[in-house]
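Q:
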Amino acid sequence: MSKESRISAQKHLSAYELIKLFEATQLKEEKDIPEIYVGDSVSVGVKITEGNKTRVQPYEGVVIAKRHGGINETITVRRIFQGVGVERVFLLHSPQVASIRVERRGKVRRAKLFYLRDRVGKATRVKQRFDR
Numbered sequence: 001m002s003k004e005s006r007i008s009a010q011k012h013l014s015a016y017e018l019i020k021l022f023e024a025t026q027l028k029e030e031k032d033i034p035e036i037y038v039g040d041s042v043s044v045g046v047k048i049t050e051g052n053k054t055r056v057q058p059y060e061g062v063v064i065a066k067r068h069g070g071i072n073e074t075i076t077v078r079r080i081f082q083g084v085g086v087e088r089v090f091l092l093h094s095p096q097v098a099s100i101r102v103e104r105r106g107k108v109r110r111a112k113l114f115y116l117r118d119r120v121g122k123a124t125r126v127k128q129r130f131d132r
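Every letter in the sequence shown is one number past the one before it in UniProt numbering, and letter 62, counting from 1, is 62.
(1) Is the beta carbon of A98 less than 7 Å from the beta carbon of G61?
(2) K107 to A123, Cα distance in whole Å?
(3) What is the rounded straight-line gap between the Cα of R78 and the Cα of Q128?
(4) Consider the C-beta atom of A65 and the heavy atoms of the ligand MG; say whether any pair is separated by less than 6 Å.
(5) Contact between the stretch 68-77 and the stretch 22-29: three or more CB pairs below 8 Å?
(6) Should V86 go down as buried or exposed, given a rule of 16 or more other Cβ atoms within 10 Å for buried?
(7) In this structure, how does DSSP classify residue 135 when only helix, strand and coil are distinguished?
(8) Quick check on the DSSP output: the beta strand (DSSP E) that includes G61 runs from which residue to which?
(9) Can you name, in chain order, every residue of its own chain whose Cβ lies under 8 Å from the Cβ of P34, other than the five neighbours on each side?
Shown next, in the form of structure tokens:
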């Protein structure tokens, strides 16, 4: 039974239940998204469409924030590109995110690492964590 026919078969659902059911069908599987913590260095494969061609471009950086939960879960990834800090917010369950890979675990004591915005050079490094 397909996802759409399962939703249409249950017509007596409230609007809230219907939205929750639809969101559950849109979530990516647990094996596709690794455990990501703030401070981790990650590589996010982003789908880029140029004309009629689609390719996956890696975006590597440090996770400085995690927000929300469920289908709306986002991570903010910061990297230095040509001497300028670039931050990008990714919806984890978006179809534009092809893959997420954790390069190394970071040891931090904060939930948000916005203080890294003010740091320059080697001061932006995060200690490596070996126990996860």
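All C-beta atoms in this analysis are idealised placements derived from N, C-alpha and C, irrespective of residue type, glycine included.
A: Taking the coordinates as given:
(1) no
(2) 14 Å
(3) 17 Å
(4) Annotation note on the ligand MG: not contained in the displayed structure, which lists no ligands.
(5) yes
(6) exposed
(7) Residue 135 lies beyond the residue range present for the chain, which begins at 1 and ends at 132; the question has no answer from this structure.
(8) 53-67
(9) I100, R101, V102
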